[in-house]
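Participant: Below you will find the structure I want to go over with you.
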Amino acid sequence: MFAAVLYRKVTSQHRTRFTKRAQIHWSPASLQSMVIVSGQLQRCLSTQTDGEVRIAKILKEKFPSASSLKVVDISGGCGAMYEIHIESSEFKGKRTVQQHQLVNQALKEEIQGMHGLRIFTEVPKQ
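Structure below.
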């Protein structure tokens, strides 16, 4: 049995501290659900944060023909930065910047409270 503690970096008024976010336990058998990212072992979690669910719902409504959609909170769970991967036929014939503008427009309200957003768009291969 292995164990790890996840911490979230919190910076306020020129002071940095780390708060305990979660403790994870796993067995060698569960290592099959792990992936190597940048030389580090990371667990594939199936649960999403409220922000991820909210953003995915908005994008599903705006891009109903999306064949693939993935929203990941890359800020450690605090909702300050997200990474979005979306594949939709609605992007066909549009330049990358136009595709990203469509996503930005769909998330106009949510973006105001974010620190950053990474967008990856694709047209489905047919």
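In short: position in the sequence shown from 1, add 340, done, that's this note's numbering. Cβ coordinates follow ideal geometry from the N, Cα and C atoms, glycine included.
If you draw a straight line from the C-alpha of R435 to the C-alpha of G453, how long is it?
Facilitator: Each residue's alpha carbon lies about 27 Å from the other.
Participant: Can you check which of these residues, G433, I398, K432, is closest to E449 by C-alpha distance?
Facilitator: The residue with the shortest Cα to Cα distance from E449 is I398.
Participant: Between L442 and G456, what straight-line distance do the alpha-carbon atoms span, to the nearest angstrom?
Facilitator: 16 Å
Participant: Please classify V411 as buried or exposed, where buried requires at least 16 other C-beta atoms within 10 Å of its C-beta.
Facilitator: buried
Participant: Who are the Cβ neighbours of A420 in its own chain at under 8 Å, not counting the five residues just before and after it?
Facilitator: M454, H455, G456
Participant: Taking the Cβ atom as the reference point for each residue, do D413 and T387 lie within a distance shorter than 7 Å?
Facilitator: no
Participant: Counting along the chain, where does the alpha helix (DSSP H) carrying K397 start and finish?
Facilitator: Residues 390–402.
Participant: Report the residue from H440, G416, L447, F403 whose alpha carbon sits nearest the alpha carbon of R394.
Facilitator: L447
Participant: Y422: which of S428, L409, P464 sits nearest, CA to CA?
Facilitator: L409
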